[in-house]
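Numbering (our numbering), first residue to last: 2 to 199.
Idealized CB from N, CA, C, for every residue including glycine.
Take a look at the structure below.
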Amino acid sequence: MKKKETEFLTEEEAQAMLRVPDRRTLQGKRDYAILLTLLTTGLRKAEICSLKVEDLKTYRNQAVIDVIGKGQKFRRIPLNSGTLLAIKDYLKTTGNGADPAHSIFNTLGKHGPYQERSLTPKAVDCLIKSLANKALIRKRIHPHVMRHTFATILLDKDNDLKTVQALMGHSHIRTTETYLHSTDDRKVEAIQSLQFGV
Numbered sequence: 002m003k004k005k006e007t008e009f010l011t012e013e014e015a016q017a018m019l020r021v022p023d024r025r026t027l028q029g030k031r032d033y034a035i036l037l038t039l040l041t042t043g044l045r046k047a048e049i050c051s052l053k054v055e056d057l058k059t060y061r062n063q064a065v066i067d068v069i070g071k072g073q074k075f076r077r078i079p080l081n082s083g084t085l086l087a088i089k090d091y092l093k094t095t096g097n098g099a100d101p102a103h104s105i106f107n108t109l110g111k112h113g114p115y116q117e118r119s120l121t122p123k124a125v126d127c128l129i130k131s132l133a134n135k136a137l138i139r140k141r142i143h144p145h146v147m148r149h150t151f152a153t154i155l156l157d158k159d160n161d162l163k164t165v166q167a168l169m170g171h172s173h174i175r176t177t178e179t180y181l182h183s184t185d186d187r188k189v190e191a192i193q194s195l196q197f198g199v
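Put into structure tokens, the structure is as follows:
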């Protein structure tokens with residue numbers, strides 16, 4: 002039996018989703034920061050929901066986020082400057098950046114006031130589906146697709162498998178290897194697009 006293809010976004014589709022949130026609003030800042038964090042860190046939805054302000058750190062002059070993942074495994078993930086800026090912008094707007102024990106991402110009240118509840122995995126599901134619909138992406142999108150996208154794009158950009166494995170928090174390299182098939186398919190398509198000597 003053939004294994005089901007791992008769904009992922011192209012870079013263009015990811016950019017389309019990132020253009021959806023209105024970053025002039027609190028909700029838009031939050032949604033943008035969540036999506037960008039998922040796309041640039043490969044976090045699972047449960048991991049992004051459990052992030053605290055104290056998990057944002059500087060390590061060897063690099064912004065990082067410390068994560069306790071599946072199986073209670075610790076991993077430290079570097080943050081690019083755009084992701085760090087988006088998170089800080091959101092925290093500044095909420096005023097919650099000073100309390101180390103505070104959740105980074107929270108639910109928002111329907112009529113504006115900020116609520117003191119951590120984001121839930123179900124809320125992340127709804128958010129990602131909504132952003133994908135508004136970006137007119139017709140694939141079956143859920144938060145784990147952002148994780149697949151992260152791994153696939155890193156591998157497409159010739160990052161080595163061991164590095165991607167460490168960033169993803171995979172115990173076994175075989176798990177990370179599942180993201181190689183999509184890059185192999187793209188290589189075949191690229192070669193087939195060449196029309197020399199026909």
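Alpha-carbon to alpha-carbon, K163 and I174: Looking at the two C-alpha atoms, the distance is approximately 7 angstroms.
Between the CA atoms of S194 and G98 - distance to the nearest angstrom: Those two C-alpha atoms are separated by around 50 angstroms.
Please classify P144: does DSSP put it in a helix, a strand, or coil? Helix, per DSSP.
Closer than 8 angstroms is the cut-off here; do at least three beta carbon pairs connect the region 69 to 78 with the region 20 to 31? With contact defined as three or more Cβ pairs closer than 8 angstroms, the region 69 to 78 and the region 20 to 31 are not in contact.
Alpha carbons only, please: which of P101, M147, T176 and I138 is nearest the one belonging to K53? For the residues P101, M147, T176 and I138, the minimum Cα distance to K53 belongs to P101.
Helix, strand or coil for F106? Go by DSSP, reduced to three states. Here F106 sits in coil by DSSP.
Beta-carbon proximity of T150 to L40, cut-off 8 angstroms: Closer than 8 angstroms, so yes.
Name, in chain order, the residues that DSSP records as bridge partners for R139. Looking at the DSSP output, R139 bridges to nothing.
Could you tell me whether the Cβ of K158 comes closer than 8 angstroms to any Cβ of chain B? This model lacks chain B altogether, as it is built from one protein chain only.
I need the straight-line Cα distance from P114 to E178, nearest angstrom please. Model confidence at P114 stands at a pLDDT of 47, short of 50, so the residue's coordinates are unreliable; what they give is reported in the following sentence. Each residue's Cα considered, the two are about 44 angstroms apart.
What residue from K74, E14, C50 and I78 has the CA that sits closest to Q63's CA? Of the candidates K74, E14, C50 and I78, the one whose C-alpha sits nearest the C-alpha of Q63 is I78.
Assigned exposure category for E14 - 16 Cβ within 10 Å defines buried: Of the residues assessed, E14 falls on the buried side of the cut-off, its CB having 16 or more other CB atoms within 10 angstroms.
Under 8 angstroms between C-beta atoms of G83 and A152: Not in contact: G83 and A152 (Cβ atoms no closer than 8 angstroms).
Kindly indicate which three-state DSSP category D161 falls into: helix, strand or coil? D161 falls in the coil class under three-state DSSP.
Residue of I66, I142 and L156 minimising C-alpha distance to S51: By alpha-carbon distance to S51, the top candidate from I66, I142 and L156 is I66.
Straight-line Cα distance separating N107 from C127: Looking at the two C-alpha atoms, the distance is approximately 14 angstroms.
In this structure, how does DSSP classify F75 when only helix, strand and coil are distinguished? Three-state DSSP puts F75 in a strand.
Should T121 go down as buried or exposed, given a rule of 16 or more other Cβ atoms within 10 Å for buried? It counts as exposed.
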